[in-house]
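In the numbering used here, the protein residues as written are 37 to 263.
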Amino acid sequence: MRKIRKLCHLSIKYKTWHDAIEAAQGPHPKYNSSKNEFYWDVVMNLLHCQGGLCAYTEMLLCSDEMFNQGKWSDGCYAINPEFKPQTKGQLEHFDRTLKDKKAWLWNNLFMVDTDINTKVKGTHSVDPILKPDADDYDEFQKLDYDFAEHIFIANVHLPEDIRARVTTMIITLGINFGPVKAARRRCLERIVKLIEFGIESWSTISVDEFPTACEMLRRRLNNSITP
37 MRKIRKLCHL SIKYKTWHDA IEAAQGPHPK YNSSKNEFYW DVVMNLLHCQ
87 GGLCAYTEML LCSDEMFNQG KWSDGCYAIN PEFKPQTKGQ LEHFDRTLKD
137 KKAWLWNNLF MVDTDINTKV KGTHSVDPIL KPDADDYDEF QKLDYDFAEH
187 IFIANVHLPE DIRARVTTMI ITLGINFGPV KAARRRCLER IVKLIEFGIE
237 SWSTISVDEF PTACEMLRRR LNNSITP
């Protein structure tokens, strides 16, 4: 799960509306999903920040043609009424306790795979230690990758109490959820074969999903250790 630089720099009208509510210290309008006038502005600006990937699992949710900057006009995402953006996933509230009164809080929203949101994370409590847009979040300090099992684990160099918190959040965010783990394993095994047979190099290979695991693989192979 990579760090996300989450800037609301495209959906300006939503950001202006959001900041006015926050400045007034009032409650947000009730969450009504796509019925909110700024729903697609939020969703697509998040996907732009997340590179089209699920914020937690790094599975592909949307192609970049759907969220390139040219899709915005006058501070809004341009929607064709007959052709809604083709994207998977759901708008997800990292901390569900904020959903009632701060439903549209930019800092608390991510785009996430639907099954992860509904079947795995659900209403579980969260620990900001693994919040991907947090200032102090660094995936290479918080996480490590077990190439034998193809799962993320807490970095072994962390203090024991911190490792326990990270481990809990790895489970909560579905980072090692069965189908995710299987897809990630296939992705890394394919990359290993392409690199070993000289078909691709790290400078030419295209990484469309699971960039954190792929980067950890690159570092491991560069250290001449076979995963």
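Here a beta-carbon is modelled for each residue, glycine too, at the ideal position from N, C-alpha and C.
Because the structure is a prediction, the values reported are computed rather than measured.
Item, Value
"Residues sharing a beta bridge with Cys112, DSSP", "Ser109"
"CA-to-CA distance, Pro247 to Val78, given in whole angstroms", "23 angstroms"
"Own chain, CB closer than 7 angstroms to Lys157, minus 5 neighbours either side, in chain order", "Thr208, Leu209, Gly210"
"7 angstroms CB neighbourhood of Ile48 in its chain, flanking five on each side removed", "Gly111"
"Pairwise C-alpha distance: Met147 and Gln86", "8 angstroms"
"Close beta carbons around Glu175, own chain, < 7 angstroms, minus the five adjacent residues each side", "Met37, Arg38, Lys39, Thr248"
"Contact check, Cys223 vs Asp149, beta carbons under 7 angstroms", "no"
"With 16 other Cβ atoms within 10 Å as the buried cut-off, status of Glu159", "For the record, residue 159 in the displayed sequence is Thr; it is not Glu. So Thr159 ends up on the exposed side."
"C-alpha distance - Ile189 paired with Asn81, whole-angstrom precision", "30 angstroms"
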